[in-house]
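Residue numbers (the working numbering), protein chains in the order written: chain A, 15 to 132; chain B, 823 to 936.
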Amino acid sequence: AQSVTQLDSHVSVSEGTPVLLRCNYSSSYSPSLFWYVQHPNKGLQLLLKYTSAATLVKGINGFEAEFKKSETSFHLTKPSAHMSDAAEYFCVVSLSGIYGGSQGNLIFGKGTKLSVKP
Amino acid sequence: GAVVSQHPSWVICKSGTSVKIECRSLDFQATTMFWYRQFPKQSLMLMATSNEGSKATYEQGVEKDKFLINHASLTLSTLTVTSAHPEDSSFYICSALRGNYGYTFGSGTRLTVV
């Protein structure tokens, strides 16, 4: 069975400092993994996705994530936080294929709220 | 790109009334759309998969008679919350799958039942 665990419900950083949002997954198959960001009362925006082509995945807004099979992790990082990065971040695993086929089988982590202090 | 428009962005209704939420794919045809529900400070839970021209597939525990889904065209899926109660208050988000673009999410609808 597939599952995803976001290790921190809340992360607080100062502007200009690095960001690390942790995610561990469990999957019986080669997983497809995503990070989404959600600003308050907004929909979800895809930050990046792991497609098995490269273990280090670069996304939008300076974010990147590294797939580590040995650690079953897919942590999200950014070298320098910006105030506009304050939002909720979701790590997501797909049950089948890169986009989950036609069954919408995305499993969402519980989310990590990122706060950025000036 | 792949844009999904969701309307309304927020709605307040009285207990016992029904509310309809629309999800439109603006620049592509979506044979499959998905409806999620998000409780405060919690993650998204898939409610149902909406298939154009056929009945929706509901996840376990979701009342199909309460959450009516209609996907009458390739660009529009609607979710109707019938006989709404305060416990139905939540954030509802739709998404559509478009080929290699993957999933695109709507901006969500905040439903408050008073």
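Note that CB positions come from ideal geometry on N, CA and C, so glycine has one too.
Residue i CB to nearest chain B CB: under 9 Å?
i, result
"G73/A", "no"
"T19/A", "no"
"Y50/A", "yes"
Can you tell me whether DSSP reads residue i as helix, strand or coil?
i, result
"N55/A", "coil"
"G1/A", "Summary: the structure shown does not reach residue 1/A, with chain A confined to residues 15 through 132, and so no result is reported for it."
"S66/A", "coil"
"E885/B", "coil"
"G924/B", "strand"
"E80/A", "strand"
"S94/A", "coil"
Can you give me the start and stop residues for the beta strand (DSSP E) that residue i sits inside?
i, result
"A894/B", "F889 to S895"
"I915/B", "S912 to R920"
"Q20/A", "S17 to Q20"
"Q860/B", "T854 to Q860"
Looking at chain A, is there any beta carbon in it that lies within less than 9 Å of the beta carbon of residue i?
i, result
"L866/B", "yes"
"V833/B", "no"
"F913/B", "yes"
So what does residue i bridge to, in DSSP terms?
i, result
"Q828/B", "C845/B"
"T86/A", "Answer by DSSP bridge pairing: none, since T86/A is not bridged."
"F104/A", "Y50/A"
"I833/B", "Correcting the residue identity first, residue 833/B is Val in this sequence and not Ile. According to DSSP, which records beta bridges pairwise, V833/B is partnered with L933/B."
"M867/B", "R859/B"
Using a Cβ cut-off of 7 Å, which residues of the stretch 918-935 of chain B contact any Cβ in chain A, in chain order? L919, G924, Y925, F927, G928, S929, G930 and R932
Closer than 9 Å between beta carbons: that is the criterion. Which residues of the stretch 38-63 of chain A meet it against chain B? Residues F48, Y50, Q52, N55, K56, G57, L58, Q59, L60 and K63.
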